[in-house]
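>
Numbering (my numbering), first residue to last: 440 to 947.
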């Protein structure tokens, strides 16, 4: 899902991971080598087990809450429900681990002491541009191939790209910096990784569009949010622990190996439709309902989506989400790391805190969408954007106080909930089973456009010298820039308050 995704954008991590300023840099290294390993103060188990236990406990509580909710009876048999879980669970976890194989560049490049911020920018920029434009190709391709094949392509390609990046790291270590063109090679390989990564969100939404009725998709949106949140946790906290405890190349090899395992599980368990799994297909009552005609040409599908007021309104809302999500996820840690105004407790456990916030946001959005707002997505998006409006204003007032950590988490909860509800759910509703790949491609393309504008905005407005960065008040443009985006997203979300998909007429 998600998307994710998150999340799901590469921009955030690379900016956070930027190398120190020239006047703060470590002494020049005689050969290309990783930063010397610090003696691990915490073992894998001492840090991971408590966090995993807390997250598992939260998921258990959420499962119990879901089981206690009033059922939306659509006539699904117990066998169908079991098979559906077997379908989305390996698919969804594959999506989560794609995040780990996407953001692992951050801790890896942070360890390579001789790389500069401009090196980061090159690799990140090429990857982000590739990711954004890949949706134009991979959206229609997923509609044609099916979500299962698309996810297999994505997981397999990302695994190979990560394997290649790990091998390149081995080759680069111990070689004088000028003798190995690490930056251009990583840029090409990371771009390849991001191309295959872009299959993930489209594939998971495409598959589940045939397995979830419109009345159930709020719950799927919640699942999508959980998967994004787990992916963020794997990326931030597991990646950090890997580079602190094992040779650097394993930050690429481990995600590659995990993706191969889940690729095999997807081959065994995942099917595009209930009929492919030996069950009976059913009418999901989305925008493709009643359309039994031939598939429209890709150009006509794009024209149909770009002329849909609802799809384009959702896309612009998600543009704002792309800006806000990474503004919080990447610049809160950067702000805390650069200044001494705030105690870094939340930042030290940022992955786990983000995971918890995202899970709660996704579940809140999904449950109230299906059980309070009759499976309408607009009211949920408006409510969560209202939280972001208040949060961004409070951030402006309180960003130099410890309260900013809690504000950042609440805003993360809200924006992940919105992203799961719109990119993960509304795209299915209004794109329909036949065209959901194109719909997700357009919407997620706007997400990454928003992320790009965010990066450009802060590159011009935030402090860029060592002396300026340590002064918390110099970061005031960080909360200021979030306020108009939150207001625009809120206003647009109210415009789709009553929107629900209408059944299609057959294409001729």
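Beta carbons: idealized from backbone N, C-alpha and C, even for Gly. Since we're looking at a predicted model, the values are computed, not measured.
Name the residue from 806, 842, 936 whose alpha carbon lies nearest to the alpha carbon of residue 502.
Comparing Cα positions, the closest option is 806.
> Look up residue 936 in the DSSP assignment and say whether it is helix, strand or coil.
It is coil, neither helix nor strand.
> Assuming residue 517 is part of the alpha helix (DSSP H), what are its boundary residues?
Start and end: 517-542.
> Can you tell which of 516, 857, 571 has its C-alpha closest to the C-alpha of residue 759?
Ranking 516, 857, 571 by Cα distance to residue 759 puts 857 first.
> Counting only runs of 4+ residues fully inside the region 892-923, write out the alpha helix (DSSP H) ranges in chain order.
DSSP runs (the alpha helix (DSSP H)) wholly in the region 892-923: 905-908.
> What is the residue span of the alpha helix (DSSP H) that residue 824 lies within?
Note, residue 824: alpha helix (DSSP H), 817-837.
> In chain order, which alpha helix (DSSP H) runs of at least 4 residues are fully inside the region 596-671?
Those alpha helix (DSSP H) runs which fall completely within the region 596-671 and span 4+ residues are 621-636, 638-648.
> Identify the continuous alpha helix (DSSP H) that holds residue 851 and give its terminal residues.
It spans 842-860 - the alpha helix (DSSP H) in which residue 851 sits, taken as one unbroken run.
> So residue 587 and residue 705 are in contact, right, with Cβ under 8 Å, and what is the actual spacing, rounded?
The Cβ separation is near 7 Å, so the contact holds.
> Quick one: what's got a C-beta closer than 6 Å to residue 648's C-beta in the same chain, skipping five residues either side?
Answer for residue 648: 867, 872, 875, listed in chain order.
> Helix, strand or coil for residue 718, going by three-state DSSP, please let me know.
DSSP places residue 718 in coil when its eight states are reduced to three.
> Give the DSSP-derived three-state secondary structure of residue 930 in the structure shown.
In this structure, residue 930 counts as helix in the three-state DSSP scheme.
> Does residue 637 pass the burial test, meaning 16 or more other C-beta atoms within 10 Å, or should it be called exposed?
Flag for residue 637 reads buried.
> Kindly give me the distance between the Cβ atoms of residue 602 and residue 659, rounded to whole angstroms, as I take these residues to be in contact under 8 Å.
The pair is not a contact, with the Cβ atoms about 32 Å apart (cut-off 8 Å).
> Report all residues from its chain with a CB closer than 6 Å to the CB of residue 523; omit the five preceding and five following residues, and keep chain order.
Excluding residues within five positions, the ones whose Cβ falls inside 6 Å are 650.
> Compute the Euclidean distance between the alpha carbons of residue 738 and residue 633, then round it to the nearest angstrom.
Taking the straight line from one Cα to the other gives about 24 Å.
> By a C-beta neighbour count over all protein chains shown, 10 Å radius and 16 as the cutoff for buried, is residue 663 buried or exposed?
Result: buried.
> Here's the rule: buried if 16 or more other CB atoms are within 10 angstroms of the residue's CB, otherwise exposed. What is residue 653?
It is buried - the Cβ of residue 653 has at least 16 other Cβ atoms within 10 Å.
> Start and end of the alpha helix (DSSP H) containing residue 764?
It spans 748-777 - the alpha helix (DSSP H) in which residue 764 sits, taken as one unbroken run.
> Leaving out five residues before and five after residue 799 in sequence, what residues of the same chain have Cβ atoms less than 7 Å from its Cβ?
Answer for residue 799: 852, listed in chain order.
> Determine the direct distance from the alpha carbon of residue 718 to that of residue 926, and round the result to whole angstroms.
About 45 Å.
> Classify residue 492 as buried or exposed, calling it buried when 16 or more other Cβ atoms lie within 10 Å of its own Cβ.
Residue 492 comes out exposed.
> Give me the Cβ distance between residue 882 and residue 753, rounded to the nearest whole Å; I'm assuming they're in contact under 8 Å.
Between residue 753 and residue 882 the Cβ distance is about 6 Å, and since that is below 8 Å, they are a contact.
> Do residue 607 and residue 628 have their CB atoms nearer than 9 Å?
Going by C-beta atoms, residue 607 is nearer than 9 Å to residue 628.
> Using 9 Å as the threshold, is the C-beta distance between residue 630 and residue 551 below it?
Not a contact, by the Cβ cut-off of 9 Å.
> Just mark residue 573 as buried or exposed, buried being the case when its beta carbon has 16 or more other beta carbons within 10 Å.
So residue 573 ends up on the buried side.
> Roughly how many angstroms lie between the CA atoms of residue 665 and residue 698, to the nearest whole one?
Rounded to whole angstroms, residue 665 to residue 698 spans 18 Å at the Cα level.
> What residue range is occupied by the uninterrupted alpha helix (DSSP H) comprising residue 423?
Given a span of 440 to 947 for the chain in the structure shown, any question on residue 423 remains unanswerable.
> Spatial neighbours of residue 708 within its chain, please: CB distance less than 6 Å, with the 5 preceding and 5 following residues excluded, ordered by chain position.
Excluding sequence neighbours, residue 708 sits near 525, 529.
> Would you be able to state if there are at least three C-beta pairs under 8 Å between the region 673-680 and the region 530-545?
Short answer: they touch.
> Does the Cβ of residue 914 have 16 or more other Cβ atoms within 10 Å, making it buried, or fewer, making it exposed?
Classification for residue 914: buried.
> Tell me which residues share the same chain as residue 794 and place their Cβ nearer than 8 Å to its Cβ, disregarding the 5 neighbours each side in the sequence.
Once the five neighbours on either side are set aside, the close Cβ partners of residue 794 are 494, 668, 669, 671, 672.
> Please state the DSSP three-state secondary structure of residue 688.
Of the three classes helix, strand and coil, the one that applies to residue 688 here is coil, per DSSP.
> Can you look up residue 513 in the DSSP assignment and give me helix, strand or coil?
Three-state DSSP puts residue 513 in coil, outside helix and strand.
> Identify the continuous alpha helix (DSSP H) that holds residue 795 and give its terminal residues.
Per DSSP, residue 795 belongs to the alpha helix (DSSP H) from 789-810.
> Under a three-way DSSP split, which group does residue 814 fall into?
Residue 814: coil per DSSP, three-state reduction.
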